[in-house]
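Number of protein chains: 2
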Amino acid sequence: MNDKESLKAAFKRAPYQLGGNGPRDIGILKQVFDEIEGTQESDIYGAGTLIEAFQSKIAAYLGKESAVFFPSGTMAQQIALRIWCDEKGSKEVAYHPLCHLEIHEEDGLKELHHIKPVLLADKDRLITLEDVKTLDGEISCLLLELPQREIGGQLPAFEELEAISAYCRERGIKLHLDGARLFEITPYYQKSAAEICALFDSVYVSFYKGIGGIAGAILAGGSDFTERSKVWKRRHGGDLISLYPYIMTSDYYFDRRIGKMAQYFGEAKELAAIFNECEGVYTNPEVPVSNMFHIHFKLPETAVLPILREVCEATGVGVTSWLHEREEGTCYSEISVGDSYESVPKEKIREAFRLLKEKLEAALSA
Amino acid sequence: MNDKESLKAAFKRAPYQLGGNGPRDIGILKQVFDEIEGTQESDIYGAGTLIEAFQSKIAAYLGKESAVFFPSGTMAQQIALRIWCDEKGSKEVAYHPLCHLEIHEEDGLKELHHIKPVLLADKDRLITLEDVKTLDGEISCLLLELPQREIGGQLPAFEELEAISAYCRERGIKLHLDGARLFEITPYYQKSAAEICALFDSVYVSFYKGIGGIAGAILAGGSDFTERSKVWKRRHGGDLISLYPYIMTSDYYFDRRIGKMAQYFGEAKELAAIFNECEGVYTNPEVPVSNMFHIHFKLPETAVLPILREVCEATGVGVTSWLHEREEGTCYSEISVGDSYESVPKEKIREAFRLLKEKLEAALSA
Numbered sequence: 282m283n284d285k286e287s288l289k290a291a292f293k294r295a296p297y298q299l300g301g302n303g304p305r306d307i308g309i310l311k312q313v314f315d316e317i318e319g320t321q322e323s324d325i326y327g328a329g330t331l332i333e334a335f336q337s338k339i340a341a342y343l344g345k346e347s348a349v350f351f352p353s354g355t356m357a358q359q360i361a362l363r364i365w366c367d368e369k370g371s372k373e374v375a376y377h378p379l380c381h382l383e384i385h386e387e388d389g390l391k392e393l394h395h396i397k398p399v400l401l402a403d404k405d406r407l408i409t410l411e412d413v414k415t416l417d418g419e420i421s422c423l424l425l426e427l428p429q430r431e432i433g434g435q436l437p438a439f440e441e442l443e444a445i446s447a448y449c450r451e452r453g454i455k456l457h458l459d460g461a462r463l464f465e466i467t468p469y470y471q472k473s474a475a476e477i478c479a480l481f482d483s484v485y486v487s488f489y490k491g492i493g494g495i496a497g498a499i500l501a502g503g504s505d506f507t508e509r510s511k512v513w514k515r516r517h518g519g520d521l522i523s524l525y526p527y528i529m530t531s532d533y534y535f536d537r538r539i540g541k542m543a544q545y546f547g548e549a550k551e552l553a554a555i556f557n558e559c560e561g562v563y564t565n566p567e568v569p570v571s572n573m574f575h576i577h578f579k580l581p582e583t584a585v586l587p588i589l590r591e592v593c594e595a596t597g598v599g600v601t602s603w604l605h606e607r608e609e610g611t612c613y614s615e616i617s618v619g620d621s622y623e624s625v626p627k628e629k630i631r632e633a634f635r636l637l638k639e640k641l642e643a644a645l646s647a
Numbered sequence: 282m283n284d285k286e287s288l289k290a291a292f293k294r295a296p297y298q299l300g301g302n303g304p305r306d307i308g309i310l311k312q313v314f315d316e317i318e319g320t321q322e323s324d325i326y327g328a329g330t331l332i333e334a335f336q337s338k339i340a341a342y343l344g345k346e347s348a349v350f351f352p353s354g355t356m357a358q359q360i361a362l363r364i365w366c367d368e369k370g371s372k373e374v375a376y377h378p379l380c381h382l383e384i385h386e387e388d389g390l391k392e393l394h395h396i397k398p399v400l401l402a403d404k405d406r407l408i409t410l411e412d413v414k415t416l417d418g419e420i421s422c423l424l425l426e427l428p429q430r431e432i433g434g435q436l437p438a439f440e441e442l443e444a445i446s447a448y449c450r451e452r453g454i455k456l457h458l459d460g461a462r463l464f465e466i467t468p469y470y471q472k473s474a475a476e477i478c479a480l481f482d483s484v485y486v487s488f489y490k491g492i493g494g495i496a497g498a499i500l501a502g503g504s505d506f507t508e509r510s511k512v513w514k515r516r517h518g519g520d521l522i523s524l525y526p527y528i529m530t531s532d533y534y535f536d537r538r539i540g541k542m543a544q545y546f547g548e549a550k551e552l553a554a555i556f557n558e559c560e561g562v563y564t565n566p567e568v569p570v571s572n573m574f575h576i577h578f579k580l581p582e583t584a585v586l587p588i589l590r591e592v593c594e595a596t597g598v599g600v601t602s603w604l605h606e607r608e609e610g611t612c613y614s615e616i617s618v619g620d621s622y623e624s625v626p627k628e629k630i631r632e633a634f635r636l637l638k639e640k641l642e643a644a645l646s647a
């Protein structure tokens, strides 16, 4: 096993983990289905009470007319952009350079839909109103990701969002929300999901980030939009005969965790402050605006990997399971606070950070 | 409720059903997961023992080098054709006029991949070697569906298949198998799945037809081919973080039913013969070559719907849950024999057909 694998293995075995909702194992499914009657009818090709009720519930929660359940956000978002491009008759959209569609989807948007993205802003900062004002009239749709995951989960001020939304409406540019972590930002904005979504023409949300389901996504908007999305869902091969394993787990964990987002947010701020007390470590954002943040180490991956493993093995506290290098000589990881954090005793956290600090200081002065 | 809905409702309530593997309810999932430990790790984005072991198992069963699990056949088959088109540098493929890609996928192949299909053969008969010989050198791939579902599940002679395969190889045309019901035809051909698949460059199989899983498909072929299919799977939005609800049920029901295909085939022949004894009724094929056949009624849908409902309510035997009209004044349905048939007492079947005959004769002479 190399150092990356050793850290991952140690994290998995750890009795305490700072981030997440626990292991992504089969138990996530079993917990839900153990409580459900086997005679309940499945959804069939997008029809049936099971799927329709959940779609209506989430449409109402997001304040949108209609919603469609998708197996993945990758599929849902490409389709949203395609619909807005077809409506305007232009193949140009705009989004952040670190947008999921740009860096994690093997260029599906370009290869399948021949849509050309304009990259707005620098990759290490948020899109601003000033950036949006540089767009020309050919742009069909602007995608905003809230929070911007790849830069630690940053958010613009709500007033800036409102201004971007107003500008786009005035210029005939559709505004799409990549809300993979939308539920997680409502406590910071002190707004309901519907108040945030009201600024957008279409919205995607995920059920396996803060909500902790197995997989699955909702795409919401006006009925015309969602009806067209169903045709594209079939074209993509996403109109499965039955999606209930994802729908029922999404629904179950939505009910269980939607009320805990403020708690996760508070805990993320508490935890980030502890990291920021360590020499050679800082978080981005410094003060989180959701349940997530990035931890940056001013040391190379090769130095930090064994330290995190040793802290984990000595104290039982898994800080994180992975590190990536972005700039030479530094590395980072990501924490999304979920159910696991509340079950770590405070004394255990203090013990883990005492050791982490000690080891980092030794490495920094080496 | 209209007559179509009434028949469907009566069929669902019926203690006995001639076709299928029982109700498509949540119990299909529960039966599998009740027996599995919750601590088993899930698959993560196509990796992990759970998905890799199943892919290897089915690749071996199909006699192919490699296999990839997909959420749907729609996705898997578009991707297979796309890969063969890219390899040849031509956007032309050939398939039957009633191919799934042509009639059930909202033209995903054309809209997403800009592939142009040449329709071979008339829609009411199989593709022959003579049809294949009319293809020009621009065709990247010929798709054959075995059995041809929309015409009752017909099959060419194995010798004709071999000749088509040899011809395609010689002319540089890739041969793809739509094997949605491949497992179901091995008893008729008296060949293993691998012997049939050896004639094809790529193969798709489904796990919710004869196998009776929830959803899911395998695409198999050479390793180069399957590696490229994974990139397209991500582009389509099918590389879900976890597919285990479909993989584990596919695996469970594969083991449970793969050995029963000869039984289903024998029962389908027995059942088709009983239908063919009814005046005004014939099956297609007359003698089934798999577990499936179509039942044609020489009476309009409006006449047959109430008859089937009455037979169902009076005898407890659900003959079928639906009818479609193709030509005016006639209608048809489809039966795929599965686990349900063996649990219908023979006396019940005789009773149901006595009543069905009586009612059809009355309607025909009315």
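Chains as they are written, first to last, in our numbering: chain A, 282 to 647; chain B, 282 to 647. Each residue gets a CB set at the ideal place from its N, CA and C atoms; glycine is no exception.
Neighbour flag for residue i against chain C, beta carbons, 7 Å
i        : result
Arg509/A : The structure shown contains no chain C; its protein chains are A and B.
Three-way DSSP call (helix, strand, coil) for residue i in this model
i        : result
His394/A : helix
Ile309/B : helix
Ile522/A : coil
Thr320/B : coil
Gln471/A : coil
Lys369/A : helix
Cys422/B : strand
His377/B : coil
His517/A : helix
Cys559/B : coil
Ser646/B : coil
Tyr533/B : helix
Phe578/A : strand
Ala549/B : helix
Leu456/B : strand
Member of the options whose CA lies at the smallest distance from the CA of residue i
i        : options                                : result
Arg635/A : Ala595/A, Glu606/A, Thr611/A           : Ala595/A
Leu362/A : Gly418/A, Trp513/A, Glu465/A           : Trp513/A
Thr564/B : Arg515/B, Ile616/B, Ser531/B, Tyr527/B : Ile616/B
Ser531/B : Lys541/B, Gly518/B, Ile495/B           : Ile495/B
Gly319/A : Ala357/B, Ser323/B, Arg305/B           : Arg305/B
Leu400/A : Ile408/A, Lys289/A, Cys612/A           : Ile408/A
Tyr342/B : Leu310/B, Leu500/B, Gln359/B           : Leu500/B
Gly493/B : Glu508/B, Glu465/B, Ala475/B           : Glu465/B
Lys285/B : Val625/B, Trp603/B, Phe506/B, Arg509/B : Trp603/B
Pro468/B : Met542/B, Gly460/B, Leu410/B           : Met542/B
Ala290/B : Cys449/B, His385/B, Val600/B           : Val600/B
Arg538/B : Glu558/B, Thr507/B, Glu551/B, Tyr489/B : Tyr489/B
Sequence-distant residues of its chain with Cβ nearer than 8 Å to residue i (five each side left out)
i        : result
Ser696/A : The shown model of chain A, from 282 to 647, leaves out residue 696/A, and the question about it has no answer.
Val562/B : Phe556, Ile576, His577, Phe578, Lys579, Leu641
Glu560/B : Lys638, Leu641, Glu642, Leu645
Buried/exposed call for residue i, threshold 16 Cβ in 10 Å
i        : result
His648/B : Residue coverage of chain B in this structure runs from 282 to 647, which leaves residue 648/B outside it and unanswerable.
Thr330/B : exposed
Glu316/A : exposed
Pro398/B : buried
Thr415/A : exposed
Gln359/A : buried
Asp505/B : exposed
Asp536/B : exposed
Supposed contact pair residue j and residue i - C-beta distance, whole angstroms, cut 8 Å
i        : j        : result
Ile432/B : Asp405/B : 6 Å
Ser347/A : Gly453/A : Ser347/A to Gly453/A, Cβ: 22 Å. No contact.
Ala584/A : Val568/A : In fact, because the Cβ distance is near 27 Å, the residues do not count as touching under 8 Å.
Arg516/A : Gly389/B : 3 Å
Glu426/A : Cys380/A : 6 Å
Val618/A : Tyr545/A : 5 Å
Met356/A : Gly370/B : Met356/A to Gly370/B, Cβ: 28 Å. No contact.
Ser287/A : Arg590/A : 5 Å
Contact set for residue i: own chain, Cβ-Cβ below 7 Å, skip 5 residues either direction
i        : result
Phe574/B : Gly433, Gly434, Ala549, Ala553, Thr564, Asn565, Pro566, Ile616
Glu303/B : This sequence places Gly at residue 303/B; Glu is not what is there. Once the five neighbours on either side are set aside, the close Cβ partners of Gly303/B are Asp620, Ser621.
Leu327/A : Sequence check: residue 327/A is Gly here, not Leu. Taken in chain order, the residues that qualify are Lys511, Asp520.
Ile332/B : Asp324, Phe350, Leu524, Ile528
Cβ shell of residue i (< 6 Å), same chain only, five flanking positions each side left out
i        : result
Ala375/A : Val399, Leu401, Leu416, Ile420, Leu423
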